[in-house]
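Every number in this note's numbering is 45 more than the matching position in the sequence shown, counting from 1. Working notes for the structure below.
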Amino acid sequence: MIGTRIRQYEILEELGKGGMATVYRAYHPAMERYVAIKIIHRALAQDEAGMERFRQEARLIARLEHPHLLPVYDYSPDHDPPYIVMRYLEGGTLK
46 MIGTRIRQYE ILEELGKGGM ATVYRAYHPA MERYVAIKII HRALAQDEAG MERFRQEARL
106 IARLEHPHLL PVYDYSPDHD PPYIVMRYLE GGTLK
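Next up, the structure:
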């Protein structure tokens, strides 16, 4: 996935991986900014229940507005692979 492009986002590096998706640091050239792009695992993307969980997550975090939460910039459930784009925050993980 690194070195590829998903629509306008250039995938640069993997930031982390979970049970549902992998998060990458990406670059949006037209906006001249880095973003975090969460891409659902292929097996879940092909499963209706997995896709519904992904859609619910995207809708939920898009509705939340708080200074300590990263905003959602973009969401595409119909793209292959489906993804959510959020603000990228440098500085490590929350562990």
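Ideal placement from N, C-alpha and C gives every residue a C-beta, glycine not left out. Keep in mind that this is a model prediction, so the values were computed, not measured.
Alpha helix (DSSP H) segment containing residue i, residue limits
i, result
"Met96", "Glu93 to Arg108"
"Arg87", "Arg87 to Ala90"
Minimum C-alpha distance to residue i - residue among the options
i, options, result
"Gln101", "Gln53, Ile129 and His113", "Ile129"
"Ala107", "Tyr118, Arg98, Glu97 and His113", "Tyr118"
Cβ-based burial, residue i [other Cβ within 10 Å; buried from 16]
i, result
"Leu156", "Look at the range of the chain in this structure, 46 to 140, and you will see that residue 156 is not part of it."
"Ala88", "exposed"
"Ala94", "exposed"
7 Å Cβ cutoff met for residue i and residue j
i, j, result
"Tyr71", "Leu57", "The amino acid occupying residue 71 in the given sequence is Ala; Tyr does not appear at that position. It is a contact, given that the beta carbons lie within the stated cut-off."
Extent of the continuous beta strand (DSSP E) run through residue i
i, result
"Thr67", "Ala66 to His73"
"Leu60", "Tyr54 to Lys62"
"Asp123", "Taken as a continuous stretch (DSSP letters only), Asp123 belongs to no beta strand (DSSP E), as it is neither H nor E."
For the structure I just gave you, are there three or more beta carbon pairs, one from the stretch 64-82 and one from the stretch 111-131, closer than 8 Å?
yes
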